[in-house]
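All the letters of the sequence shown, read from the start, carry residue numbers 0 to 259 under numbering that gives the first Met the number 0.
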Amino acid sequence: MGLDKVIDDAVEAVADLPHGASLAVGGFGLCGVPSALIHALLERRTGGLRVVSNNCGVDDWGLGLLLREGLIDRMTSSYVGENKEFARRYLGGELEVELVPQGTLAERLRAGGAGIAGFYTPAGVGTQVAEGGIAWRYAPDGSVAVAAPPKETRVFHDREYLLEEGITTDFALVRAAVGDRHGNLVFHASARNFNPLAAMAGRITVAEVEELVEPGVIPPGEVQLPGVFVQRVVPVAADDPAAEKRIERRTVRPAVEGAR
C-alpha cells in the first residue's frame, strides 16, 4: 500500500470486511463513534460480527444500528448502557456477551496492539471474572449455554493477580478529528478514549476523519496515533447525516429566574 491511504467512500473502505469478522470499534457511549463506517457496514449488511467495543451504542445509533438488524453475533464490552435491545438479545440467547472490567478491556486492546500476548492484573480477583461461570450466552430456555472459563491466577509480592489475554481483531473502525493522508491522527478531547486502543488492535484499521490534511500539517509532537497503525483514511463531511454527533443522554435542569 502506498503512503496515500485515503479512500473517499466509506462503503468502499469496508467492502472487504467479511461475514464473521472480528472488529474493534472506538468510542465511549456515543462520543468518538465511527458512525459513518458503521452506516457503511449497515448498508452492506455485513453480519456475524464479533465486536470489541466499550459499549454497543444506543437502540437507534452507533453499534446499536447493527445490533438491531441482527448483524452482531458477539460483543466484548464493559458497559451495556442505554441499549435495551442489547439486554433483550443477550437475555434471550440471541447475542453472546463477554463483559470485561473497563480498564482491563482498554489494556487488553493496547496489549494486543503492542504484540503482548497477555498480562496479569488485580482487577477481578476474588470474583466470577476470575472464577468463571458468568453467562456468555443464554439458551432460549434461560439456562446458560456458554459460560466464561476460569482464569489463571498467580501471586506476585504476596498479592494475587489474574491473567488476561491481549486482543487483536481482523478490522478496527475509529473516528478522529484530524487525519492526514498517511494515517496520522488527532482526536478531539474525550473522543481520545478507546479510539487509539481499538486502532492498535486491528490488523486493518479504517479511520474516518472530520478534517483531512496534507502530510506535515500535523506537527509530529501532536500526533496522537501514528499512521503505522492505520491502513485506510475516510474523510467525512460535517453535514453527512451518517456522521452526526449525538448525545447519549441529555440532562438539563429548569431555568432559575434571575440566574445569569
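Note that CB positions come from ideal geometry on N, CA and C, so glycine has one too.
The structure displayed is predicted, hence computed values, not measured ones.
DSSP state of residue i mapped onto helix, strand, coil
i	result
Pro253	coil
Ala176	strand
Gly102	helix
Arg107	helix
Gly182	coil
Ser189	helix
Ser52	coil
Pro240	helix
Pro17	coil
Arg136	strand
Val233	strand
Tyr89	helix
Ile71	strand
Glu42	helix
Gly117	strand
Glu159	strand
Closest Cα partner of residue i within the set the options
i	options	result
Gly111	Arg174, Ile166, Ala35, Val173	Ile166
Gln199	Ala129, Val229, Glu81, Val185	Position check: residue 199 holds Met in this sequence, whereas Gln was assumed. Nearest of Ala129, Val229, Glu81, Val185 to Met199, Cα basis: Val229.
Arg109	Glu256, Val10, Asn192, Asp15	Asn192
Val227	Glu130, Thr250, Leu48, Arg180	Arg180
Thr103	Ala254, Ser52, Phe155	Ser52
Asp15	Val233, Ile203, Pro214	Ile203
Ala116	Leu162, Ser77, Val145	Leu162
Ala176	Ser142, Tyr137, Val222, Ala144	Val222
Arg43	Gly28, Asp8, Met74	Asp8
CA-to-CA distance, residue j to residue i, given in whole angstroms
i	j	result
Thr45	Ala113	28 Å
Val205	Phe170	8 Å
Val99	Arg249	26 Å
Pro195	Gly257	45 Å
Ser34	Ala242	5 Å
Pro240	His38	10 Å
Leu41	Val10	9 Å
Met155	Tyr119	Going by the sequence as given, residue 155 is Phe instead of Met. Cα-Cα distance, rounded: 9 Å.
Ala23	Thr168	6 Å
Ile246	Gly26	13 Å
Asp3	Gly178	12 Å
Lys244	Cys30	8 Å
Sequence-distant residues of the same chain with beta carbon closer than 6 Å to residue i, five excluded per side
i	result
Ala147	Gly131, Ile133, Trp135
Glu159	Val124, Thr152
Val235	Ala35, Glu207, Ala242
Residue i vs residue j beta-carbon contact at 8 Å
i	j	result
Leu65	Leu90	no
Leu184	Leu211	no
Glu207	Leu36	yes
Gly56	Val32	yes
Asp72	Glu97	no
Ala197	Val232	no
Contact set for residue i: own chain, Cβ-Cβ below 7 Å, skip 5 residues either direction
i	result
Ala86	Val79
Same chain, Cβ closer than 8 Å to residue i, five either side skipped, listed in chain order
i	result
Tyr137	Tyr89, Leu90, Gly91, Gly92, Val143, Ala144
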